[in-house]
Amino acid sequence: MMTGTMPLDDVRIIDLTQTTIGPFCTRMLGDYGADVIKIERPGTGDPARTMPPFFNDEPGIERSGLFLFLNTNKRSVTVDLESERGRQIIRQLVENADVLVENFAPGVMGEMGLGYEALTEANPRIIVTSLSNYGQSGPYHDFVGTEINLYGMGGNMIASGDIDHEPVKTAGRMVNYHAGYVGALATTMSLHATEFLRDGI
Numbered sequence: 032m033m034t035g036t037m038p039l040d041d042v043r044i045i046d047l048t049q050t051t052i053g054p055f056c057t058r059m060l061g062d063y064g065a066d067v068i069k070i071e072r073p074g075t076g077d078p079a080r081t082m083p084p085f086f087n088d089e090p091g092i093e094r095s096g097l098f099l100f101l102n103t104n105k106r107s108v109t110v111d112l113e114s115e116r117g118r119q120i121i122r123q124l125v126e127n128a129d130v131l132v133e134n135f136a137p138g139v140m141g142e143m144g145l146g147y148e149a150l151t152e153a154n155p156r157i158i159v160t161s162l163s164n165y166g167q168s169g170p171y172h173d174f175v176g177t178e179i180n181l182y183g184m185g186g187n188m189i190a191s192g193d194i195d196h197e198p199v200k201t202a203g204r205m206v207n208y209h210a211g212y213v214g215a216l217a218t219t220m221s222l223h224a225t226e227f228l229r230d231g232i
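In my numbering, the protein residues as written are 32 to 232.
In structure tokens, the structure reads:
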């Protein structure tokens with residue numbers, strides 16, 4: 032590797048995620064050199080833009096510390112996914128991308144005409160990383176996830192707190208960040224496997 036290059040310099044990622052888990056996943060990939068194109072809804076953008084802390088405690092869509100932390104090293108564009116034109120733009124972006132990351136509820140991508148089959152028609156080599164709360168098809172896939180529920184069901188809570196009292200959750204968004212790390216790892220492993228398959232190794 033030449034000096035000054037990053038492991039994912041030649042990777043382009045379409046980021047259809049919002050709030051915490053997905054943006055942290057794509058932020059990790061951007062940190063390692065990937066070209067991340069973040070898609071935001073027109074008018075309001077990513078909901079994380081409204082979450083504190085804010086610079087100088089003054090709310091604003093460009094002032095959320097959380098949003099800036101999660102979305103560094105990305106380029107951002109607004110696309111109306113509720114319109115056919117917006118969905119066509121995504122399909123066009125996918126044609127020249129390596130990865131698409133999304134964290135919609137199960138089935139939503141398909142309802143928009145952007146399910147895996149449709150995306151692979153646009154680009155047969157596209158890798159799709161889905162970060163839903165309880166998977167795409169398991170027994171809990173329709174459940175709404177919150178940080179404390181995910182923390183408990185993931186098993187981490189059994190080791191938290193005082194042994195003589197009820198289990199407790201640690202502060203912050205630990206589960207969201209952990210899931211984002213896992214998503215980034217799975218994505219890079221898929222990229223690696225794709226290279227092996229392409230090279231016939």
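Ideal Cβ positions, reconstructed from N, Cα and C, are used throughout, including at glycine.
**Report entry** Stretch-stretch touch, CB-based, cutoff 8 Å, three pairs: the stretch 183-192 with the stretch 137-157
**Finding:** The answer is no - the stretch 137-157 does not touch the stretch 183-192, with fewer than three Cβ pairs under 8 Å.
Requested in this report: Mark residue 171 as exposed unless 16 or more other C-beta atoms lie within 10 angstroms of its C-beta, in which case mark it buried.
Outcome: Numbered from 1 along the sequence shown, position 140 holds the residue referred to as residue 171. Residue environment for residue 171: exposed (fewer than 16 other C-beta atoms within 10 angstroms of its C-beta).
**Report entry** Enclosing alpha helix (DSSP H) for residue 101 [first to last residue]
**Finding:** Looking up residue 101 in the sequence shown gives position 70. Start and end: 96-101.
Query raised in the report: According to the Cβ coordinates, are residue 222 and residue 129 closer than 8 Å?
Result: As a position in the sequence shown, residue 222 is number 191, starting the count at 1. As a position in the sequence shown, residue 129 is number 98, starting the count at 1. Contact flag set, yes.
Requested in this report: Would you list the residues sitting across from residue 86 in a DSSP beta bridge?
Outcome: Against the sequence shown, residue 86 aligns to sequence position 55. Per DSSP, none; premise fails for residue 86.
Query raised in the report: In the DSSP assignment, what are the bridge partners of residue 109?
Result: Along the sequence shown, read from residue 1 onward, the residue named residue 109 stands at position 78. Under DSSP, residue 109 shares a beta bridge with 71.
Query - Which of helix, strand or coil DSSP assigns to residue 93 - result: If you number the sequence shown from 1, residue 93 lands on position 62. Here residue 93 sits in coil by DSSP.
**Report entry** Uninterrupted alpha helix (DSSP H) stretches inside the stretch 155-193 (no shorter than 4 residues)
**Finding:** Listed in chain order, they are 178-184.
Query raised in the report: From what residue to what residue does the alpha helix (DSSP H) around residue 142 run?
Result: By one-based count along the sequence shown, residue 142 stands at place 111. Run containing residue 142: 139-142, per the alpha helix (DSSP H) assignment.
Report task. Using only alpha-carbon positions, find the residue among 77, 207 and 42 that is nearest to residue 62. Result -> Counting from 1 along the sequence shown, the entry for residue 62 is found at position 31. The shortest Cα separation from residue 62 among 77, 207 and 42 belongs to 42.
Requested in this report: Within the same chain, show all residues whose beta-carbon is closer than 6 Å to that of residue 147, passing over the 5 residues directly before and after it, in chain order.
Outcome: Indexing the sequence shown from 1 puts residue 147 at position 116. Hits under 6 Å: 159.
Requested in this report: Evaluate the contact criterion for the stretch 115-130 versus the stretch 92-104: three or more CB pairs, one atom per stretch, below 8 Å.
Outcome: With a cut-off of 8 Å, the stretch 92-104 and the stretch 115-130 do not count as touching, because too few Cβ pairs lie within range.
Query raised in the report: Taking just the CA atoms, how far does residue 226 sit from residue 212?
Result: On the sequence shown, residue 212 is found 181 positions in, with the first residue counted as 1. On the sequence shown, residue 226 is found 195 positions in, with the first residue counted as 1. Straight across, the Cα-Cα distance linking residue 212 with residue 226 is about 21 Å.
Query raised in the report: Who are the near neighbours of residue 165 in its chain, counting only those whose CB is closer than 7 Å to its CB and skipping five residues on each side?
Result: Here residue 165 is taken as the residue at index 134 of the sequence shown, counted from 1. Excluding positions up to five away in sequence, the list reads 171, 172, 174 and 176.
**Report entry** Coarse secondary structure for residue 47, derived from DSSP in three states
**Finding:** Your numbering for residue 47 matches position 16 in the sequence shown. Residue 47: strand per DSSP, three-state reduction.
Query raised in the report: Do you know offhand how far residue 232's Cα is from residue 104's?
Result: Position 201 of the sequence shown, counted from the start, is the residue given in the question as residue 232. Position 73 of the sequence shown, counted from the start, is the residue given in the question as residue 104. Only weak support exists for where residue 232 lies, its pLDDT of 49 falling under 50; the coordinates are left without a value.
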